[in-house]
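Asker: Next up is a structure, given as structure tokens.
Below, the structure is given as structure tokens:
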């Protein structure tokens, strides 16, 4: 009878761990770039912005498709925009480490 209570107390005492992703304000991309509006048709996006750099296949139900452009990504449900987000651009990109001499 005391064992479940003891296990509950011990379980609650364990620390919770989580990672936090911090994106500094202003690092979410150029705010002056126009994005497709929610509800806009796939055809309208294509006419306004041209072909995407990459088109990802639909996943899930309802099908969600993603088009990636250089500065932003557009998410479609069927043939209409549900969201458009600017690409993250680090203010201080991490440079690759120099290659070791062979």
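In my numbering, the protein residues as written are 981 to 1082. Glycine residues also receive a C-beta, built at the ideal position from the N, C-alpha and C atoms.
#1: How about residue 1019 and residue 1065: are their beta carbons less than 8 Å apart?
#2: Per DSSP, which one or two residues make a beta bridge with residue 1029?
#3: Determine whether the beta carbon atoms of residue 1046 and residue 1055 lie at a separation below 8 Å.
#4: Can you tell me where the beta strand (DSSP E) with residue 1055 in it begins and where it stops?
Answerer: According to the data block:
#1: No; because the gap between Cβ atoms is not below 8 Å, this pair is not in contact.
#2: Residue 1029 pairs with nothing; no bridge assigned.
#3: Result yes, Cβ atoms of residue 1046 and residue 1055 sit closer than 8 Å.
#4: Residue 1055 -> beta strand (DSSP E) spans 1052 to 1057.
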